[in-house]
Amino acid sequence: MAGGKGANLGELVRNGFPVPGGFVVTTHAYDLVAQGHDTRAYFERVEIPGDLREAIIGGYAALGGGPVAVRSSATAEDLPGAAFAGQQDTYLNVVGEQALLDAVRRCWGSLWTDRAVAYRAKLAIDDSEVRIAVVVQSMVEADMAGVLFTANPVTGDRTQLVIDASSGLGEAVVSGLVTPDHHVIDASGRTHFTPGRREVVIRGAAGGGVVHESGATAERLPDEVLKELARLGKEVAAHFGRPQDVEWACAGGRVYLLQARPMTALPPPPLGRLNPMQRRLATILLEYLPERPYPIDMTTWVPHGPAGLMAKVVASFGVRRAFDGFLREEDGVVYQLAPPKPHLTLGVLVAPFSIAAGARRYNPARWTEDRRFRGYLAGIRELAARDLGAMPWARLVRVPRQALALVQPVADLRVDYLPGTGWALLRLLVVVKLLGRGRLFGGLLHGARTRTTDANEALARLAELATSTGALGADPRPAEFESAFQAFLAEYGHRETSSPILVSPPTWADAPETVLGLVKVLAAEPPARKKPDDTLERLLGHPLLRSRARRARMRRWVAAARAGVAFREDSHFYFTMPQPVLRRSLLEMGRRLRDAKVLDKPKDVFHLRLEELEAINDLDALTGKDRERLRDAVRARAVKREELAGVRLIDPALVFPVRETGDALVAGSPASGGVVTGPVKVIREPSEFGRLDAGDVLVCPYTNPSWTPLFQQAAAVVVDTGGAGSHAAIVAREYGIPAVMGTGRGTSVLRDGQVVTVNGDAGTVTGAP
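Using this note's numbering, the first residue of the sequence shown is number 2, and each one after it goes up by one.
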């Protein structure tokens with residue numbers, strides 16, 4: 002009834018904080034006057050009912066009838082992440098009964114300004130659910146005023162307080178009319194001060210309203226006032242349990258708190274310097290997380306999918322907590338990626354023996370013959386064949402756990418077959434180095450036949466068919482192409498478009514336009530046929546490999562290493578197969594919740610946690626209270642997610658430190674050799690695949706197997722994330738194009754059409770001469 006601002010002030014008053022006296026004109030009063038009208042013009046002319054008018058005047062008289070501040074307090078301000086700063090009106094130094102009544106009406110009308118309506122639309126807040134209260138407070142004729150942040154709004158440091166101050170009323174600071182004095186108080190109490198310029202001073206006028214005076218020289222905020230503000234700020238933040246944005250005023254040496262609200266768009270707390278292992282983990286995780294996980298991701302595919310599998314694998318070799326708590330949540334929304342610090346156990350000491358035993362027993366070249374793998378595929382086929390739409394709710398809500406349960410035993414296959422992979426790769430690397438041919442190692446691995454290779458070749462055939470049938474410009478598409486296209490999606494449609502560890506992004510089958518974009522790229526200019534790789538023959542030409550027996554042994558070792566590469570690639574391909582079933586079951590629940598008027602659209606189900614869905618035993622039996630609780634949770638998390646849209650999960654500079662680049666535009670890790678000059682094409686997400694032209698320098702924030710068909714057309718690739726061992730680097734080397742990984746800022750520095758030279762040997766991107 003009091004709105005966000007009024008409710009927070011009430012909390013401050015009840016807990017003894019120094020708040021000017023005042024009262025609240027509630028949302029109930031607004032409803033009495035509004036009567037369904039939603040235009041600002043209506044409130045400019047409507048009369049206030051007599052009883053309400055007298056109540057407001059009575060409240061004003063109880064304050065002493067002097068100057069007051071009149072501030073809007075919308076109910077939507079209660080939502081985490083919805084600051085609503087400046088969205089509704091505030092009137093300062095209001096004097097007299099009629100002026101107060103007019104200010105109240107104008108505050109009500111400010112709920113319907115174009116600015117406020119657009120802000121709510123951006124946050125997907127339904128206008129019909131918003132009400133507005135009005136806070137009336139005694140004016141504080143401030144000597145100095147401003148804003149107090151109980152965390153550093155720039156760095157996210159929760160141990161610092163930031164105080165902006167200037168002469169006169171705080172409106173000059175809040176509205177940005179003045180460059181304020183800037184105080185940063187660290188954890189030890191030390192203050193770092195930057196003087197302001199006091200371009201203007203706002204003061205109350207004698208008859209009401211405010212006047213703007215030219216700036217004046219003033220002393221900085223007294224130390225005792227700074228200490229009092231710091232004390233109050235810490236207590237307010239502790240009371241509300243989160244960092245606060247507090248408006249304050251100081252008059253006659255006394256500090257008053259005028260309002261407090263949660264800080265929004267606050268960067269994650271600084272992580273400090275990452276150790277080498279944390280940086281390595283962060284490199285992998287950043288590539289896996291091109292977008293912020295939803296609550297449904299955090300309770301399904303993140304803990305149970307590939308990340309959970311990796312945690313189980315490394316734990317089997319004595320490394321614990323490698324992926325524990327790497328995503329931190331606030332208000333049910335992920336706000337930070339914090340690379341964990343793996344813990345070595347005594348199991349590390351026996352790991353070499355278990356690895357050696359596994360390498361002897363489990364051959365990666367034959368892993369698909371393992372009965373566990375065959376059982377896994379059978380389970381996937383059975384679950385995928387179920388008619389989710391025909392299931393009653395009680396059965397449908399169990400499908401996500403069934404899909405996740407299929408994945409768990411698969412980690413055992415990784416544990417068993419990775420030692421053989423590692424041994425084969427290590428053996429080959431050592432041998433070629435001893436032979437003085439270490440530079441050939443990468444090329445020797447290129448002959449591995451993988452499911453990604455199969456998918457890329459199938460795409461190339463689709464592109465040829467699209468060209469011959471004119472499919473890309475036809476509506477409907479020719480039956481021959483459509484049949485081949487659907488067959489492709491049936492075989493490869495479970496591939497992720499953006500992340501293998503999230504369930505919320507669509508797969509290729511969910512977003513067939515992504516595949517059509519790849520077909521368009523390949524059809525525009527068919528990829529050049531790759532030259533036969535002669536790396537193995539060059540190695541076999543070594544003088545020490547002239548005997549038939551040695552040559553045969555070397556061929557076996559190369560084949561074993563390639564089988565290991567194929568195992569790593571193909572196990573990922575198969576182990577993501579339950580994800581589409583999981584996603585479809587969640588969206589089916591979302592559709593039913595939408596039909597039950599719980600959600601606005603099916604995808605809103607991603608804002609819920611799996612346990613919240615499982616708690617719904619009978620959809621038809623949901624009470625009004627339950628429906629409201631779920632709607633409130635979805636709305637609050639959606640608003641919080643929108644607030645964090647511009648906040649990175651982690652500072653890329655921590656993972657990919659900015660290097661001395663000389664004349665280079667950006668620099669990163671050399672990942673695939675060669676030097677190429679061409680025009681930049683920034684591709685930020687799979688929906689933009691069709692924009693790439695043959696000969697472009699592909700610049701992107703991340704890659705995964707879904708991106709690799711683009712490498713057949715790109716002249717070079719430059720990626721914000723990843724390293725020399727990432728998927729993109731491996732494929733770039735296979736296609737023989739230069740690659741620079743881990744630039745941290747390539748997509749923000751380079752621009753479409755800019756002609757650059759990519760040096761994959763040096764890891765630099767420079768402007769073309």
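Note that CB positions come from ideal geometry on N, CA and C, so glycine has one too. Please read all numbers here as calculations on a predicted model, not as lab measurements.
Whole-Å CB distance - residue i paired with residue j, under 8 angstroms assumed
i	j	result
P687	T498	4 angstroms
H1	L405	This structure does not reach residue 1, given that the chain is present from 2 up to 770, and the question cannot be answered.
V750	A769	So it is not a contact: roughly 15 angstroms between Cβ atoms.
L445	V559	5 angstroms
E526	Q279	Their Cβ separation, rounded to whole angstroms, is 42 angstroms, which puts E526 and Q279 out of contact at 8 angstroms.
G209	V95	6 angstroms
T192	N457	About 60 angstroms separates the two Cβ atoms, so there is no contact after all.
Classification of residue i by the beta-carbon crowding that lies within 10 angstroms, buried from 16 upward
i	result
E248	buried
Q99	exposed
G761	buried
L427	exposed
F44	buried
S548	exposed
N1	Any property of residue 1 remains undetermined from this structure, which presents the chain solely from 2 to 770.
G679	buried
L350	exposed
V431	exposed
H29	exposed
S176	exposed
E1	The structure shown does not extend to residue 1, since the chain is modelled only from 2 through 770, so no value can be given for it.
F486	buried
Q409	exposed
R132	buried
K342	exposed
A637	buried
F194	exposed
P50	exposed
G326	exposed
Between the CA atoms of residue j and residue i - distance to the nearest angstrom
i	j	result
V698	M742	13 angstroms
G565	T451	10 angstroms
P19	R204	21 angstroms
H344	M264	35 angstroms
G417	N276	A small fix is needed here, since residue 417 is Asp in this sequence, not Gly. Spanning the two alpha carbons is a distance of roughly 29 angstroms.
R15	H240	11 angstroms
K604	G591	6 angstroms
G390	T301	21 angstroms
Y31	V105	10 angstroms
R121	A488	44 angstroms
L693	L711	8 angstroms
E200	P513	57 angstroms
R375	A261	60 angstroms
P706	I731	11 angstroms
L436	L347	36 angstroms
D52	T27	14 angstroms
R630	E331	18 angstroms
D633	K626	10 angstroms
L227	S74	28 angstroms
A690	G696	According to the sequence as given, residue 690 is Phe; it is not Ala. Between F690 and G696, the C-alpha separation is close to 14 angstroms.
T722	V700	11 angstroms
A412	S355	16 angstroms
Same chain, Cβ closer than 8 angstroms to residue i, five either side skipped, listed in chain order
i	result
V303	P294, G309, L328, I502, L503
L384	V400, Q403, A404, L407, P579, V582
R752	V681, V683
Per DSSP, the bridge partner or partners of residue i
i	result
Q36	DSSP, once it has assigned bridges, lists no residue as partnering Q36.
W249	G147, L258
Y92	V71
N760	V676, T765
A166	G147, D182
E497	T508
E331	V334
Cβ neighbours of residue i in the same chain (closer than 7 angstroms, five flanking residues each side left out)
i	result
G147	I164, D165, A166, S167, G171, V174, P181, W249
I297	V504, S505, L587, V606, F607, L609, R610, L611
6 angstroms CB neighbourhood of residue i in its chain, flanking five on each side removed
i	result
A283	P340, V656
T40	W113
I285	none
G724	T284, S670, M742, G743
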